[in-house]
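Residue numbers (the numbering used here): -13 to 98.
All residues carry an ideal CB built from backbone N, CA and C; glycine is no exception.
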Amino acid sequence: MERRRRGSQQMNLVRSSRQRNKQYYLSYQQLTEGRRYQISPLFELGISISGIAQKVKRYRATVDRELKRKRVRDLYCPKHAHASSVSRRKTDHKSRIPVERIEFVRLLLSLD
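The structure is reproduced here in structure tokens:
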């Protein structure tokens, strides 16, 4: 507990664990190419994962996961990391329309 005097009043301030840890509460967003280029020099300088996360305003787990998955021989290359992320996003889409429905529509279109 911290005590401060303001004029003739004495204020008691209690800091919560959330304020002490300064945890960032952000909505989920994928890392952009720009964020990856921000992470790279910070990682090379030996800044901790928590420190990097605070500077790029992303969760610690996001930065940790990025560095674990996209590192090659203890080097992180943002260009290759972003390229693999983009290619994975393009190839991982499953068709949401059942094959039977597609065939049925093609049949109906061929009857016209």
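Asked, Found
"Helix, strand or coil: which one does DSSP assign to L61?", "strand"
"Provide the residue span of the alpha helix (DSSP H) that contains Q24, from first to last.", "E19 to E30"
"Taking all protein chains shown into account, do 16 or more other C-beta atoms lie within 10 angstroms of the C-beta of K65, making it buried, or fewer, making it exposed?", "exposed"
"What number of angstroms, rounded off, separates the C-alpha of I35 from the C-alpha of I88?", "47 Å"
"Can you give me the C-alpha to C-alpha distance between K41 and F90, rounded to a whole angstrom?", "53 Å"
"K56: which of Y45, R44, S71 and R46 sits nearest, CA to CA?", "S71"
"Closer than 7 Å by C-beta to H68: which residues in its own chain qualify, once you throw out the five before and the five after it? Chain order, please.", "E19 and R22"
"How should E86 be labelled, buried or exposed, when 16 other C-beta atoms within 10 angstroms of its C-beta is the threshold for buried?", "exposed"
"Excluding the 5 residues flanking S96 on each side, which residues of the same chain have their C-beta closer than 7 Å to its C-beta?", "none"
"Helix or strand or just coil, what does DSSP make of S34?", "coil"
"My assumption, with CB atoms under 8 Å, is that E52 sits in contact with L28. Please give the rounded CB distance.", "E52 to L28, Cβ: 12 Å. No contact."
"Helix, strand or coil for Q16, going by three-state DSSP, please let me know.", "coil"
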